[in-house]
Amino acid sequence: MMDRSNDCAPVAAGGKTLTRDEAVAFLTARVSPIDGTETLGLEAALGRVLAEPVMSTLDVPGWDNSAMDGYAIRHADLAAHEGRLPVAQRIPAGAVGEPLAPGTAARIFTGAPMPEGADTVVVQEVCEASDGQVRIPLDVKAGANVRRTGEDIRTGAEVIAAGTRLTPAHLGLAASVGVARLVVRRRLRVAMLSSGDELALPGEPLGPSQIYNSNRFMLMGLLQTWGCEVVDLGIVADDLESTVAAMARGAREADLIIASGGVSVGEEDHIKPAVERLGRLELHQVKIRPGKPLAFGEVQGTPLLGCPGNPVSLFVTAALFARPLIRRMQGVAGELDVRPLRIRAGFDWLRPDKRLEFQRARLERGADGELEVAVYPSRSSAVLSSVAWADGLVQLQPGRVVERGDPVEFLPFGELLH
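Read in order, the letters of the sequence shown correspond to residues 168 to 585 in the working numbering.
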């Protein structure tokens, strides 16, 4: 699914280290949406990407109806009868009333159709009802509390655009126009591999100098959260042939390959040479901290993203780069990146990096009760507990000293993990 439309563009792996924004633009331009759709009932479509727009075949509301519980009246009757009208009928939701006789009121409930001749609904809280009559204030505004036909949606209107990732609100909206089944793109298949002889699976005994493979479960969880079908290539030994074999399998079985670890330039880092044997490398570094060694290329026609092995670096690069790349391949339309929130700092940052820095952060209430951003005390990219502690990332500009109270840019996990 590599997009070859810009093959004449400079190859980032040829020496240029891209900024974060440049890297996101580069990655999303190199891939295209996957082919293949399926038709699902609304109950199974949450989180999927709409392949065909939803069009309305009806007006919503389908008729003028009451927005409140109260009394439906002909506004001109108020002054003529000094605000006192007999209640001639009762119209609950789901029922259809009789035409409103002049000089009468109808007891009406939210959602019930307006009776012919009525033009206003008066809320019950301002009315006094007794002995079959209702007293209504004379200052009631004409046309109040009436939902008009087609006020929400008109027949023939596009209700949900193709490329929309479906939320509960979208499913409700489709249901409101009578659509029971949606045409969505198939799930993106992502092959993931973990590189390193030091890795063991939880539940297994640890050998000398081994650690448990936390990256496998964190990355798998991220991919599932983003609506992907995961192909687990397992732990790959630290040798070139094993890495090549795993990548070749990933190219056969998936639309995208994501590797964790082995993307640097050490003797035991085999992602780069494996990619170059099977395809080509187009990106190898980005100007951020943590996560500078980020690789992108193609393996036998399948795009590959190589993320660092340190768990925090993996999480950050997956959230910042894998997510928009995946959204592009899923066919999501519109803005693919997350826009930061500007919130005051609850910390001092006196030793800024030369690169754009992303630190684990969360929102807390300051002494004055206002929201502020707190950062985790350690900058280490190996402290995975910091990610569980955080509810977002704070984006710190290169070389910028931050003092408590200064505005900073906060990327909430609620957006990055959506």
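Glycine included, each C-beta is placed from N, C-alpha and C at the ideal position.
Item	Value
Counting only runs that start and end within the region 219 to 259, where is the alpha helix (DSSP H) found for 4 or more residues in a row?	243 to 247
Drop a sphere of 10 angstroms on the beta-carbon of W516, count the other beta-carbons inside from all chains shown, and report buried for 16 or more, exposed for fewer.	buried
Quick one: any contact between the region 331 to 346 and the region 209 to 225, if contact means 3 or more CB pairs under 8 Å?	yes
Quick check on the DSSP output: the beta strand (DSSP E) that includes S297 runs from which residue to which?	295 to 297
So, for I275: in the same chain, excluding its five sequence neighbours on each side, which residues have a beta-carbon less than 7 Å away from its beta-carbon?	S233, G237, Y238, A239, I258, V288
Using CA coordinates, which residue listed in E205, R314, V483, P369 is at the minimum distance from S553?	V483
Is it right to say D222 is buried, meaning 16 or more other beta carbons lie within 10 angstroms of its own, or is it exposed?	Checking the sequence shown, residue 222 turns out to be Met, not Asp. Under this definition M222 is an exposed residue.
Can you give the beta carbon distance from S643 to I438, rounded, assuming they're within the 8 Å contact cut?	No statement about residue 643 is possible, as the shown extent of the chain runs from 168 to 585 and does not include it.
DSSP has W516 in a bridge; who is on the other side?	V569
Looking at the structure shown, is R332 part of a helix, part of a strand, or coil, going by DSSP?	strand
With respect to 7 Å, is the separation between the Cβ of D364 and the closest non-hydrogen atom of the ligand ADP below this value?	The model depicted lacks the ligand ADP and carries no ligand whatsoever.
Compute the beta-carbon to beta-carbon distance between F577 and G559, rounded to the nearest angstrom, for a pair I have assumed lies under 8 Å.	5 Å
Between the Cα of R416 and the Cα atoms of A268, V307, V398, which residue gives the shortest distance?	V398
Taking the alpha-carbon of G498 as reference, which of D535, A329, A324 has the nearest alpha-carbon?	A329
Quick check on T322: buried or exposed, where buried means 16 or more other Cβ atoms within 10 Å of its Cβ?	exposed
Using the rule of at least 16 other Cβ atoms within 10 Å of the residue's Cβ for burial, across every protein chain shown, is T271 buried or exposed?	buried
Is the Cβ-Cβ distance between L461 and T186 less than 8 Å?	no
Leaving out five residues before and five after L584 in sequence, what residues of the same chain have Cβ atoms less than 6 Å from its Cβ?	T392
Take P304 as the anchor and find which of E292, D298, T206 has the nearest alpha-carbon.	E292
Which parts of the region 524 to 554 are runs of the beta strand (DSSP E), unbroken and 3 residues or longer, counting only runs that do not cross its ends?	538 to 542
Relative to the C-alpha of P369, which residue among V290, R509, N382, L450 is closest?	N382
Could you check where the beta strand (DSSP E) with A462 kicks off and where it finishes?	462 to 466
In the DSSP assignment, find the unbroken alpha helix (DSSP H) run with G394 in it and report its ends.	Per DSSP, G394 belongs to no alpha helix (DSSP H) and is neither H nor E.
Going by C-alpha distance, which of G458, F463, D188 is nearest P507?	D188
Hey, quick one: how far does the beta strand (DSSP E) through S362 stretch, first residue to last?	356 to 362
Considering only their Cβ atoms, is the gap separating L225 from V346 smaller than 8 Å?	no
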